[in-house]
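Take a look at the structure set out below.
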Amino acid sequence: MIEVYSDEYFMKQAFNEAELAKAADEVPVGAVVVVNKKIIGRGHNLTERLTDVTAHAEMQAITAASSYLGAKYLTECTLYVTLEPCAMCAGALYWSQIGKIVFAAADEKRGFKNMGGQLHPSTKIEGGLMAEQASDLLKKYFKSKR
Numbered sequence: 205m206i207e208v209y210s211d212e213y214f215m216k217q218a219f220n221e222a223e224l225a226k227a228a229d230e231v232p233v234g235a236v237v238v239v240n241k242k243i244i245g246r247g248h249n250l251t252e253r254l255t256d257v258t259a260h261a262e263m264q265a266i267t268a269a270s271s272y273l274g275a276k277y278l279t280e281c282t283l284y285v286t287l288e289p290c291a292m293c294a295g296a297l298y299w300s301q302i303g304k305i306v307f308a309a310a311d312e313k314r315g316f317k318n319m320g321g322q323l324h325p326s327t328k329i330e331g332g333l334m335a336e337q338a339s340d341l342l343k344k345y346f347k348s349k350r
């Protein structure tokens, strides 16, 4: 049983966003931004729909959270995302000064850690929560494309 407002609960909400992306034939990545145990931003990949390479799940969630707060800094917030952010998203997360990032699957090819992306020095990061499920979702999606 999932404890309400646990990391797993919020990651499952990010997975719900990833499923929305998959249903729209987008790469299934989802994200939510949380503050004080409340989701204030949601997003999933929209790069195909918007024909915009910057329309990643994290970017959508950051924009929604900033709009909700009426502020550009997310220092008290946590981002839950189903895939390790890329260097572009890490840059946006750096500038937002997000307090914490929790990601599911590592992205060995395009993740920020391997692509030279940096996070704000005060940002905490955790990886691996529900990594197997996230990895399976992505593998099944790409297999269906071949």
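Going from the sequence shown to the numbering used here is simple: count from 1 and add 204. Backbone N, C-alpha and C fix where the C-beta goes; we use that ideal spot for every residue, glycine too.
Which one or two residues does DSSP pair with His324 in a beta bridge?
For the purposes of this step, residue 324 is taken as residue 120 along the sequence shown, with counting starting at 1. Note: His324 sits in no beta bridge, so no partner.
According to DSSP, is Cys281 helix, strand or coil?
Translated into positions along the sequence shown, residue 281 becomes position 77. Coil, per DSSP.
Is it the case that the Cβ atoms of Phe219 and Gly234 are separated by a distance below 8 Å?
The count along the sequence shown starts at 1 and reaches residue 219 at position 15. The count along the sequence shown starts at 1 and reaches residue 234 at position 30. Closer than 8 Å, so yes.
Between which two residues does the alpha helix (DSSP H) holding Val242 run?
Looking up residue 242 in the sequence shown gives position 38. It is worth fixing the name first, because residue 242 is Lys in this sequence and not Val. Premise fails: Lys242 lies in the beta strand (DSSP E), 242–248, not in any alpha helix (DSSP H).
Who does Glu330 pair with in a DSSP beta bridge?
What you label residue 330 is simply residue 126 of the sequence shown in a count that begins at 1. Bridge partners of Glu330: Val306.
How do the segment 263–273 and the segment 235–245 stand: do at least 3 beta-carbon pairs fall below 8 Å, yes or no?
yes
Pull the bridge partners of Ala235 from the DSSP assignment, please.
Working through the sequence shown from its first residue, we reach residue 235 at position 31. Per DSSP, Gly247, Val285.
Quick check on the DSSP output: the alpha helix (DSSP H) that includes Tyr272 runs from which residue to which?
Residue numbering aside, residue 272 sits at position 68 when the sequence shown is read from its first letter. Where Tyr272 is concerned, the enclosing alpha helix (DSSP H) stretches over 261–273.
Suppose contacts are defined by Cβ-Cβ distances below 8 Å. Is Pro289 in contact with Leu297 by that definition?
Counting from 1 along the sequence shown, the entry for residue 289 is found at position 85. Counting from 1 along the sequence shown, the entry for residue 297 is found at position 93. Closer than 8 Å, so yes.
On the DSSP bridge assignment, give the partners of Gly315 in chain order.
Along the sequence shown, read from residue 1 onward, the residue named residue 315 stands at position 111. DSSP output for Gly315 lists Cys290 as bridge partner(s).
Check for me: the alpha helix (DSSP H) holding Glu223 runs from which residue to which?
As a first step, residue 223 is located in the sequence shown; it is residue number 19 there, counting from the start. Run containing Glu223: 211–227, per the alpha helix (DSSP H) assignment.
Go ahead and pull the three-state DSSP assignment for Glu336.
The sequence position of residue 336 within the sequence shown is 132, counting from 1. The answer is helix: DSSP assigns Glu336 an H, G or I state.
Whole-number beta carbon distance between Leu342 and Leu287, since they are thought to touch under 8 Å
Position 83 of the sequence shown, counted from the start, is the residue given in the question as residue 287. Position 138 of the sequence shown, counted from the start, is the residue given in the question as residue 342. The pair is a contact, with the Cβ atoms about 7 Å apart (cut-off 8 Å).
Taking only three categories from DSSP, how would you classify Lys276?
To locate residue 276, count along the sequence shown from 1; it is residue 72. Looking at Lys276 - three-state DSSP - the assignment turns out to be coil, as it is neither helix nor strand.
Applying the criterion that 16 or more other CB atoms from any shown protein chain within 10 Å of the CB defines a buried residue, is Ser348 buried or exposed?
If you number the sequence shown from 1, residue 348 lands on position 144. Its Cβ having fewer than 16 others within 10 Å, Ser348 is exposed.
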